[in-house]
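First comes the structure, then the notes that go with it.
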Amino acid sequence: MQTSWIPFVPPSASTLSGKVDALYFYLSGVTAFFVLLIFGVLIFFVIKYRRRSPYEIPRPIAGSHKLEMLWSVIPFLIAMSMFAWGAQLYFQNRRPPTNAVEVYVVGKQWMWKIQHTTGQREINELHVPVGRRVKLIMTTEDVIHDFFIPAFRIKADVVPGRYTTQWFEATKPGTYHLFCAEYCGMNHSGMIGSVVVMEPTEFDNWLSGNTNQQSPAVAGQQLYQTLGCVSCHGATGEGGRGPALGGVFGSQVFLNNGQTVKADEAYIRESIVNPQAKLVNGFGPIMPTFQGQISEEQLVQVLAFIKSLPAQGSQTRPTAPSPAGSASAAPSPAVQPAGSK
Amino acid sequence: MKAMETFVTPTPSRVNYLNATYGLKSWLLTKDHKRIALLYLGSISFFFLIGGLYAMAIRIELLTPQADLLQSTTYNKVFTQHGIIMVFFFLIPSIPATLGNFLVPMMIGAKDLAFPRINLLSWYIYMLGGIVTIYALLAGGIDTGWTFYTPFSTSFSNSYVVAAGLGIFISGFSSILTGLNFIVTIHTMRAPGMTWFRMPLFIWSHYATSLVMILGTPVIAITILLLAFERLAHIGIFDPAAGGDPVLFQHLFWFYSHPAVYIMVLPGMGVVSELIANFSRKNIFGYSFVAFSSLAIAVFGFLVWGHHLFVASQSVYAGMIFSFLSFAVAIPSAIKVFNWTATLYKGSISYDTPMLYALGFIGLFTVGGMTGLFLAALAVDVHVSDTYFIVAHFHYIMVGGTLLAYLGGLHYWWPKISGRMYPEGWGRFSALVVFVGFNLTFLPQFVLGYMGMPRRYHVYPPEFQVLHVLSSAGASILGIGLLIPLLYLIWSMRYGKIAASNPWNLPGLEWQTSSPPPTENFELTPVVTWEAYEFAPAEEIQVVGKFRDTSVEEV
């Protein structure tokens, strides 16, 4: 909905913002109604039934079940309408679309480091085009932060040891506030920046104007070499002593404890910093941890590289075997159960 | 007026709880619940003053978009300490430990609380906790926010986290002991004839509060212990690198701290039920609905902590369940507001100071409650959480609700507590100043919040300045409004008009004894033959027990 004429509403610049505003106006309307009702009735009663003589004793009134039911059920129904509206909007918006452009965000006391898949890096600035869906994949190097863009009505905590995501589709070119909304220490109120929304052609120009930077996938490939991943997982992720990585992202991985897990960002991250937590079926606990040897930004780059690897065919790919096969696949005694370290 | 004072004809005794014994020792070793209430009154007023000074510093700093009065490090400590002092050392003990301590035995016709020594112990524990916290403030302060979120508090903050946590940990036990004392007292020490459904609603709300104190406070104690172990010994429970989870802390913290909101506001609801009924000389409309809604709030209050974590990477489905439950917990509060309003219908409403505070409470609590629905509505909460919208919302509940109820109750029972009247004109005037100042302070903050102003920022974009200046102006008015009662209440202890034993002409048991009461509260154990808030025509009042009105009408 169009809200630019209404005072005290921040700029509305995403496909979500108008929808959130609509719910906000509904809530404000109901609030205004009940506040005026209560104030009105209070003032009316207080004037009408003011004490006229010090000795007057009004007749007692016991109460009324009918009225009690009325003012329990009606507020409950109104509350449920708010719940349904709010939950439906939230539910929609917590599921990122599959065709979104990904942008990596790493929070750090007290700055935002941002990298586009094409290689552009930014600090405390995020350039995005109008009309394209953008998904932020976010983590932090230290404490909890929160990536808050008021003009888009989105906000999500950035939690150490996890990837959190949020997405948006900008609708209006302009420069908007970016705030850290979770208290993060001394310079918390300095952890701000701007989101620059550009027309798509302008954005493409901006992207091509910064060609000297490596894309995260290329940087990730170099790390893959220097950290020695290559010796077990193969130069192109074909596998070897370790499981194959080609095409693994987004697939179902069969673990040696009989469970399957979806190979999302969180799983890949965990398999690098805590490899023993979930072992792929058929592989022993031989991988060392990379905790402390790789920064959050480098992790994101390795992740981008793994995501970019094409599937290698099915000969070594650790997909789930048939149910019959899974029952007979006995894990080696050296293998620890999932979750232990 | 005189006619009603013969209600139970107390023999005015010259010896009362204030002058029964003299000397510092007689106060520091007292087992009298009324004296302990006064010890608490003095100590929480002291902590309120400290918390208020921090609030002033915050509002002055926020007058401009730059950092001028306070730099980041100091500002972070100031808002943290404002929160810790106000929440743990003022709001949580405020009404239960002062008015509750004084009135729970008197209202049910008992001589004292069930465990007088434990009652005194709870004050000493509270003071010990307070002193340890003050030590933390003086030694260097704490800058984690009153919420202590990990991993900032465990691995990054260089301030006195463990000392401040220890202070809160200790003071929690005083809360538990007070709750325990109230529950046992209410179960076992009611006067003959004081059945459960004849109890004033103040008692019901304190009963519900005590349940939350006993069941909730141990959780914050455990949480603070884990925090201290993590910070001192790095056990890894909140550290992802060691397999822990920083968000687990938020779950544990809010599992207590959300119910703690009800520890703060339920007693206020009890006070307001008393004020509304007594100053309109009406029985409470729907007594049992108001009584049971207190219990419902206490129970549901434990099931909604997750609404503080809608943007903290909690699962979508958990978010939806917590949102639903948060909407559900709003209903008992709505029932109370409607019943209070309906009580005024065809009443005889006086405009005395306590009533002005009670009316103010209903208005502000309605605003606070309704804006709580914005925060329960998932999609809107994502936008407003951790902004000034939240700050405004909880101040409407904590200050507009609890503080107004506390002040109203303090004025209402002041004649009984001190034996003196407060100056009525000044009372009404300051109640009005508080109401205006409060709204001017916190209404602009709702707007600021929706516009995107994050909380805990002292440097902010210039477009927010106008609203911040309005808010600071309101805060100075509010400050004056709070200073006036402080001055005239102290003044009235010596110079106030001598109070009659029942200056408001009310049927409640606490008014059927002298002002101030004797140490044992009642000369003879009262026998209760009337319902709560049973007023009667003046001519029927003379005969005790005969004024059970048969003409109670159903609407």
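Chains as they are written, first to last, in numbering that gives the first Met the number 0: chain A, 0 to 340; chain B, 0 to 554.
Glycine included, every Cβ here is placed at the ideal spot set by N, Cα and C.
None of these values were measured; they are calculated from a predicted model.
The Cβ atoms of Thr342 (chain B) and Ser279 (chain B) lie closer than 8 angstroms to each other. Bridge partners of His144 (chain A) according to DSSP: A:Val157.
Judged by their CB atoms, Ile396 (chain B) and Gly448 (chain B) are not nearer to each other than the 8 angstroms cut-off. Residues of the same chain with a CB within less than 7 angstroms of the CB of Ile476 (chain B), apart from the 5 flanking positions on each side, are Val432, Val435, Gly436, Leu439 in chain order. For Ile267 (chain A), there are no C-beta contacts with chain B under 7 angstroms, since the nearest C-beta of that chain is about 15 angstroms from it.
Around the CB of His187 (chain A), 16 or more other CB atoms lie within 10 Å, so the residue is classed as buried.
In this structure, the beta-carbon distance from Arg197 (chain B) to Glu530 (chain B) falls below 8 angstroms. Here Ala232 (chain B) is exposed. Its C-beta has fewer than 16 other C-beta atoms within 10 Å. With a 10 Å radius around the Cβ and a threshold of 16 neighbouring Cβ atoms, Leu244 (chain A) comes out buried. Assigned with DSSP and collapsed to three states, Trp166 (chain A) falls in strand.
Within the segment 173-238 of chain A, the complete alpha helix (DSSP H) runs of at least 4 residues fall at 199-207, 215-225, 229-232. Residues of the segment 341-364 of chain B with a C-beta less than 9 angstroms from any C-beta of chain A: Ala341, Thr342, Leu343, Tyr344, Lys345, Gly346, Ser347, Ile348, Ser349, Tyr350, Met354, Leu358, Ile361, Gly362, listed in chain order. Under the criterion of beta carbons closer than 8 angstroms, Lys112 (chain A) and Ile122 (chain A) qualify as touching, at roughly 6 angstroms. Interface annotation, Pro191 (chain B): not in contact with chain A, CB-CB separation never under 8 angstroms. The count of Cβ pairs closer than 8 angstroms, one atom from the segment 115-126 of chain B and one from the segment 170-188 of chain B, reaches three, so the stretches are in contact.
Annotation: Lys76 (chain B) is outside any beta strand (DSSP E); the continuous alpha helix (DSSP H) that includes it extends over 71-83. Phe44 (chain A) reaches chain B at Thr340, Leu343, Tyr344, Gly346, Ile348, counting residues in chain order whose Cβ is nearer than 8 angstroms. With fewer than 16 other Cβ atoms inside 10 Å of its own Cβ, Thr97 (chain A) counts as exposed. The three-state secondary structure of Ile169 (chain B), taken from DSSP, is helix. DSSP lists A:Val252 as the beta-bridge partner residues of Val260 (chain A). Under the 10 Å beta carbon count, Met79 (chain A) is surrounded by fewer than 16 other beta carbons and is classified as exposed. For the alpha helix (DSSP H) assignment, the uninterrupted runs of no fewer than 4 residues enclosed by the segment 271-343 of chain B are, from N- to C-terminal side, 286-299, 315-343. The closest CA to that of Phe248 (chain B), considering only B:Ile236, B:Phe301, B:Ala36, is found on B:Ile236. Chain-order list of chain A residues neighbouring Ile330 (chain B): Ser71, Pro74, Phe75, Ala78, by C-beta distance under 8 angstroms. The segment 150-161 of chain A makes no contact with the segment 74-90 of chain A: fewer than 3 CB pairs, one atom from each, lie closer than 8 angstroms. In this chain, the beta strand (DSSP E) harbouring Val100 (chain A) covers 100-107. Checking the DSSP bridge columns, you'll see Thr352 (chain B) has no partner listed.
For Thr138 (chain A), no alpha helix (DSSP H) run applies; the uninterrupted beta strand (DSSP E) run containing it begins and ends at 132-139, by DSSP. Between the segment 144-157 of chain B and the segment 59-72 of chain B there are fewer than three inter-stretch CB-CB distances shorter than 8 angstroms, so the stretches are not counted as touching.
Sequence-distant partners of Ala135 (chain B) (beyond 5 residues in either direction) whose C-beta falls short of 7 angstroms from its own C-beta, in its chain, are Ile141, Tyr159, Ala162, Ala163, Gly166.
For Glu462 (chain B), there is no enclosing alpha helix (DSSP H), as DSSP marks it with neither H nor E.
For Val246 (chain B), the chain A residues whose C-beta falls within less than 9 angstroms of its own C-beta are Ile143, Asp156, Val158, Arg161, listed in chain order. Annotation for Trp339 (chain B): Ile275, Ile361 place their beta carbon closer than 6 angstroms to its own, counting only its chain and skipping 5 residues before and after. In this structure Leu35 (chain A) is exposed. Its beta-carbon is surrounded by fewer than 16 other beta-carbon atoms within 10 angstroms. In the DSSP secondary-structure assignment, Ile262 (chain B) is not bridged to any residue.
At a cut-off of 8 angstroms between beta-carbon atoms, Gln290 (chain A) makes contact with chain B.
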